[in-house]
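Enquirer: Same order as they appear, the protein sequences are chains A and B. If you're matching positions, the first sequence starts at 1108 in my numbering and goes up one per residue. If you're matching positions, the second sequence starts at 2 in my numbering and goes up one per residue. Can you read through this structure? Questions will come right after.
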Amino acid sequence: MLAQQLVNGIVVSGVYALFALGFTLVFGIQRILNLAHGAIFMTGAMVAYYVVKAGGALWLGFIMAIIASGLLSVFVEIVCFRRLRKTGDEEFGGIISSIGAGLVIMTIAQRVSDTLILRFPFETFPVVIFKFWGLRVSMLQLFMAGAALVLVFILGYYIYRTSFGRRVRAVTDNEHAAMLMGINPNLIYSQTYFLAGALAGAAGVLVGLAFNSINFIMGEPYLMFGFVIIILGGLGSIPGALLASLVFGMGQTLTIAYLPSGLTDTVIFAALFLILLFRPHGLMGKEEAGNIRGRR
Amino acid sequence: MLSIDTLKVHYSGIQALRGVSLEVTKGETVALIGPNGAGKSSLLNTISGLVKPNSGNVVFEDTAITGAAPWAVTKTGILQVPEGRRVFAEMTVLENLQVGQTALHGREPTYGLDDVFRVFPILQERREQMAGSLSGGQQQMLVIGRGLMGGPRLLLLDEPSLGLAPVIIAQVFSALSELKQQGLTILLVEQNAHLALTASDRAYVLEQGQIVKSGASADLREDPEVAALYLGQG
């Protein structure tokens, strides 16, 4: 039983990680909380659904979803944040304008979907259950964990092992110095938002498949979870977001499994408060992460 | 090589530069001295494109770069080593140097990793260490090295001695004189006028956004006014 829950927890954590990594990446580079991130996640699920509904293969829907949510995320940055950054109002102004962008995206999705709960056609993803060592693991779960792992690995490789990633980290570290070294931050921002949106979109498709339920507000609980995760991990910290996704996903799965229903959120948020009491900057956060304007 | 003509800059209601003109010719080291707040850093930042001028011209080798974006300025080979040792703290020494190569934009590098390590051997020892964990002097060496990796044709140096111990300052400046001998053109902003006038061929004195004196560094060292105001003799 415990082993089964651990497996489930890992799958859930993987999805949270995909969502939270983009969220924290954007915060790290711009000190902006992009509250449209949940709507971008939902867009991924919707795009995949409509591709499949139009007769496309699931893998095609998955790729289209990743591209569409990546581009949407880039668009949100240009429309919501770029102008505010010029005037230096991005800290609070960005929160408001990204809430606005999220509402616009959700309203469009509501219109398009007619406020219905959309479901993938039966057997879009083959229902295959593997049984071993007393565990029940579906092929979908394996796919989710595998996809999350691959995407996290790609992100890590991109950020820590390529010259593009070095530039992203340089801008995150010190934007002025990065510009003096010939880096155009706007290009870096666009790339970062694309990555962030693409990961969120992928998470959206996986969640849509797992629950076989897609609707225009499905992103909002994930926005909340993502928020908790990046604070828990330390704002802007990529390893922190990974660790916190695991802690949060596991915690949630185990409390649902072993505690009376309804207690889950209470326990999780109580634990969050407790952790933040002892580590106010999150599990792997730097002190200055809380100091939003500290970087310049 | 670099020619600045009646450059005026004001921001936040303050006039930082009130019509500054200066010239840097190839191969020379030119120092810009003056008190705190005279506009020395504003001038460098205007050349680099971080600050947009209100009027005036900046011309580098027959190309007008007035008001160009910072990353576009680096394409011409003007590289600024910013004040206050702005290393990329959470990246390794090696990665910091590699980021410097971005400024090449396809130009031929003039300094490779080996050259930088020859000038600053300590950087080779620390290459895998996080830049934020280096001492102040090592960070200063790293930002200079990072600038060199960008293939500078003109190096703008902002207060390289700031906050460093005398021994370290001597090390940094001996490295600069080595670079100068190799033919690098340098525009040096420095509050420590004695250092600046020793390390440079020519110098300008900037006060309240205006050039008040200029000439050969050796002559300025003997100038009674400069000596009284900036060299602490008088």
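Don't be surprised by glycine CBs; every beta carbon is placed ideally from N, CA and C.
1) In chain A, what lies closer than 9 Å to L51 of chain B by C-beta?
2) For M1391 of chain A and A69 of chain B, what's the separation of their Cα atoms in angstroms?
3) Select from A:I1261, A:A1310 and A:I1295 the residue whose C-alpha is nearest the C-alpha of A1277 of chain A.
4) According to the Cβ coordinates, are A1076 of chain A and G1347 of chain A closer than 8 Å?
5) What are the residues that DSSP puts in a beta bridge with F1269 of chain A?
6) Leaving out the 5 sequence neighbours to the left and right, which residues in its chain are closer than 8 Å to I79 of chain B when beta-carbon positions are compared?
7) In the DSSP assignment, what are the bridge partners of L188 of chain B?
8) Closest Cβ-Cβ distance between D1280 of chain A and chain B: below 8 Å?
9) L1302 of chain A and G1168 of chain A look like a contact to me (Cβ under 8 Å); what is the Cβ gap, rounded to whole Å?
10) Spell out the partners DSSP gives R203 of chain B in its beta bridges.
11) To test your reading of the DSSP string, which unbroken alpha helix (DSSP H) runs of 4 or more residues are found completely within the segment 1172–1237 of chain A?
12) How about A69 of chain B: is its C-beta nearer than 8 Å to some C-beta of chain A?
13) Look at V1211 of chain A and G1304 of chain A and say whether their C-beta atoms are less than 8 Å apart.
14) Fully enclosed by the segment 1108–1139 of chain A, which alpha helix (DSSP H) runs are 4 residues long or longer?
15) Step through the CB atoms of chain B and report whether any lies within less than 8 Å of the CB of S1204 of chain A.
16) Which parts of the segment 1305–1353 of chain A are runs of the alpha helix (DSSP H), unbroken and 4 residues or longer, counting only runs that do not cross its ends?
17) Taking 8 Å as the CB-CB cut-off, is I1290 of chain A touching chain B?
18) How many whole angstroms separate the CB atoms of V206 of chain B and G35 of chain B, which I take to be in contact at a CB cut-off of 8 Å?
19) Are Q16 of chain B and L45 of chain B closer than 8 Å when you measure CB to CB?
20) Could you tell me whether any Cβ in chain B is nearer than 8 Å to the Cβ of S1297 of chain A?
21) Using beta carbons (cut-off 8 Å, strictly below), is P83 of chain B in contact with chain A?
22) Looking only at its own chain, which residues have a Cβ that is under 7 Å from the Cβ of Q1359 of chain A, when we skip the five neighbours before and after it?
23) Could you name the residues of the same chain whose beta carbon sits closer than 6 Å to that of T280 of chain B, not counting the 5 residues immediately before and after it, in chain order?
24) Nearest by alpha-carbon distance to L1353 of chain A: which of A:M1108, A:V1114 and A:G1326 is it?
25) Is the segment 1329–1338 of chain A in contact with the segment 1153–1166 of chain A, if contact means three or more CB pairs nearer than 8 Å?
26) Give me the Cα-Cα distance between G1340 of chain A and A1124 of chain A, rounded to the nearest whole angstrom.
27) Starting from the beta carbon of R1189 of chain A, find every residue of chain B whose beta carbon is closer than 7 Å, and list them in chain order.
28) Using three-state DSSP, classify E129 of chain B as helix, strand or coil.
29) For S1270 of chain A, would you say it is in contact with chain B, using Cβ-to-Cβ distances shorter than 8 Å as the test?
30) For Q209 of chain B, does the three-state DSSP call read helix, strand or coil?
31) Just reading off the beta strand (DSSP E) that V60 of chain B is part of, what are its end residues?
32) Report all residues from its chain with a CB closer than 6 Å to the CB of R1402 of chain A; omit the five preceding and five following residues, and keep chain order.
33) So is R1386 of chain A buried or exposed if we call it buried at 16+ other beta carbons inside 10 Å?
34) Report, in whole angstroms, the separation of the C-beta atoms of Y1404 of chain A and V1133 of chain A, which I expect to be a contact under 8 Å.
35) Quick one: what does DSSP say D1372 of chain A is sitting in, helix, strand or coil?
36) From A1152 of chain A to R1189 of chain A, what does the alpha carbon distance come to, in whole angstroms?
Expert: On the basis of the data shown:
1) Taking the first residue of the second sequence as position 1, residue 51 of chain B is located at position 50. Within chain A, the residues near L51 of chain B are H1283, M1286 and L1287.
2) As a first step, residue 1391 of chain A must be located in the first sequence, where it is residue number 284. As a first step, residue 69 of chain B must be located in the second sequence, where it is residue number 68. So the two alpha carbons sit approximately 39 Å from each other.
3) For this step, residue 1277 of chain A is matched to residue 170 along the first sequence. Relative to the Cα of A1277 of chain A, the nearest Cα in the group A:I1261, A:A1310 and A:I1295 belongs to A:I1295.
4) Nothing can be reported for residue 1076 of chain A, as the shown portion of chain A is limited to 1108 through 1403.
5) The residue labelled residue 1269 of chain A in the question sits at position 162 within the first sequence. It should be noted that the sequence gives Thr, not Phe, for residue 1269 of chain A. BP columns for T1269 of chain A are empty, so no partner.
6) Your numbering for residue 79 of chain B matches position 78 in the second sequence. Exclusion of the five residues before and after I79 of chain B leaves L3, I48, S49, F61, I66, P153, R154, L155 and L157 as the residues of its chain whose Cβ lies within less than 8 Å of its Cβ.
7) Position 187 of the second sequence holds residue 188 of chain B. Answer is B:V31 and B:L157.
8) Taking the first residue of the first sequence as position 1, residue 1280 of chain A is located at position 173. Output row for D1280 of chain A: interface = yes.
9) Numbered from 1 along the first sequence, position 195 holds the residue referred to as residue 1302 of chain A. Numbered from 1 along the first sequence, position 61 holds the residue referred to as residue 1168 of chain A. Not quite, the Cβ-Cβ distance comes to about 20 Å (not below 8 Å), so this is no contact.
10) Residue numbering aside, residue 203 of chain B sits at position 202 when the second sequence is read from its first letter. According to DSSP, residue pairing for R203 of chain B in a beta bridge involves B:V31 and B:A217.
11) Every alpha helix (DSSP H) stretch that sits fully inside the segment 1172–1237 of chain A and reaches 4 residues is listed by chain position as 1189–1194 and 1197–1220.
12) Mapped onto the second sequence, residue 69 of chain B falls at position 68. Taking CB atoms only, A69 of chain B has no neighbour in chain A less than 8 Å away.
13) On the first sequence, position 104 is the one that residue 1211 of chain A refers to. On the first sequence, position 197 is the one that residue 1304 of chain A refers to. No, these two residues do not count as a Cβ contact at 8 Å.
14) Listed in chain order, the complete alpha helix (DSSP H) runs (minimum 4 residues) inside the segment 1108–1139 of chain A are 1109–1137.
15) Position 97 of the first sequence, counting from 1, holds the residue named residue 1204 of chain A. Not closer than 8 Å to any Cβ of chain B, the Cβ of S1204 of chain A fails to qualify, so no.
16) Correct list: 1326–1340.
17) As a first step, residue 1290 of chain A must be located in the first sequence, where it is residue number 183. Chain B places a beta carbon closer than 8 Å to that of I1290 of chain A, counting this residue as a contact.
18) The residue you call residue 206 of chain B lines up with position 205 of the second sequence. The residue you call residue 35 of chain B lines up with position 34 of the second sequence. At roughly 6 Å, the Cβ-Cβ gap stays under 8 Å, so V206 of chain B and G35 of chain B are in contact.
19) Numbered from its first residue, the second sequence carries residue 16 of chain B at position 15. Numbered from its first residue, the second sequence carries residue 45 of chain B at position 44. Not a contact, by the Cβ cut-off of 8 Å.
20) Locating residue 1297 of chain A in the first sequence gives position 190, where the first residue counts as 1. No, S1297 of chain A lies away from the interface with chain B (no Cβ there is under 8 Å from its Cβ).
21) Locating residue 83 of chain B in the second sequence gives position 82, counting from the first residue. It does; some Cβ of chain A falls within 8 Å.
22) Translated into the one-based positions of the first sequence, residue 1359 of chain A becomes position 252. The answer, listed in chain order, is V1119, T1371 and I1375.
23) In the structure as shown, chain B starts at 2 and stops at 235, and residue 280 of chain B therefore has no counterpart that could be examined.
24) Along the first sequence, read from residue 1 onward, the residue named residue 1353 of chain A stands at position 246. Cα-wise, what sits closest to L1353 of chain A is A:V1114.
25) Contact annotation: the segment 1329–1338 of chain A does not touch the segment 1153–1166 of chain A, with fewer than three C-beta pairs closer than 8 Å.
26) Counting from 1 along the first sequence, the entry for residue 1340 of chain A is found at position 233. Counting from 1 along the first sequence, the entry for residue 1124 of chain A is found at position 17. Straight-line Cα distance between these residues: approximately 11 Å.
27) Position 82 of the first sequence, counted from the start, is the residue given in the question as residue 1189 of chain A. Result: empty, since nearest Cβ-Cβ is about 14 Å, beyond 7 Å.
28) What you label residue 129 of chain B is simply residue 128 of the second sequence in a count that begins at 1. E129 of chain B falls in the coil class under three-state DSSP.
29) For the purposes of this step, residue 1270 of chain A is taken as the residue at position 163 of the first sequence. Interface flag for S1270 of chain A against chain B is set, since a Cβ pair is found closer than 8 Å.
30) Walking along the second sequence from the start, residue 209 of chain B turns up at place 208. Coil.
31) For the purposes of this step, residue 60 of chain B is identified with residue 59 of the second sequence, where counting begins at 1. Secondary structure note for V60 of chain B: its beta strand (DSSP E) is the uninterrupted segment S56 to F61.
32) Within the first sequence, residue 1402 of chain A is the residue found at index 295, counting from 1. Note that R1402 of chain A scores a pLDDT of 43, beneath 50, so its modelled location is shaky; the value from the coordinates is reported in the next line. The answer is none, since no qualifying residue turns up.
33) By one-based count along the first sequence, residue 1386 of chain A stands at place 279. Under this definition R1386 of chain A is an exposed residue.
34) Residue 1404 of chain A cannot be examined here, being either before or after the span of chain A that is shown, 1108 to 1403.
35) Residue mapping note: residue 1372 of chain A aligns to position 265 of the first sequence, counting from 1. If DSSP states are grouped into helix, strand and coil, D1372 of chain A belongs with the helices.
36) On the first sequence, position 45 is the one that residue 1152 of chain A refers to. On the first sequence, position 82 is the one that residue 1189 of chain A refers to. Each residue's alpha carbon lies about 27 Å from the other.
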